[in-house]
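In terms of the numbering used here, the sequence shown opens at residue 55 and continues consecutively.
Structure record follows, encoded as structure tokens.
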Amino acid sequence: MKTDDCNSYDDIINLSHHISNRHPQMSIEKRAAQFSPFAALVGYDIAIRETAQMVEEEAALT
């Protein structure tokens, strides 16, 4: 780290947060939805449960 890196943001550190005049602010619900989990592989969890159930049934029969 260079010695002048510590002071590189001194000119902007105390500025207020920018609010766009062009784009309205996003609601809290919409912002939260961006970070919510999603099912990348639709139906994968069901296939895993079905496979596990078949394996358990086979183990019980033997």
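A virtual CB, placed ideally from N, CA and C, is assigned to each residue, including glycine.
Straight-line Cα distance separating residue j from residue i
i    : j    : result
G97  : R103 : 10 Å
M55  : N75  : Because M55 carries a pLDDT of 49, less than 50, the predicted location of this residue cannot be relied on, and the following value inherits that uncertainty. About 37 Å.
N61  : E83  : 37 Å
T105 : A94  : 19 Å
L69  : A87  : 29 Å
Sequence-distant residues of its chain with Cβ nearer than 7 Å to residue i (five each side left out)
i   : result
F92 : none
Neighbourhood of residue i by C-beta distance below 6 Å, restricted to the same chain and skipping five residues each side
i    : result
Q107 : none
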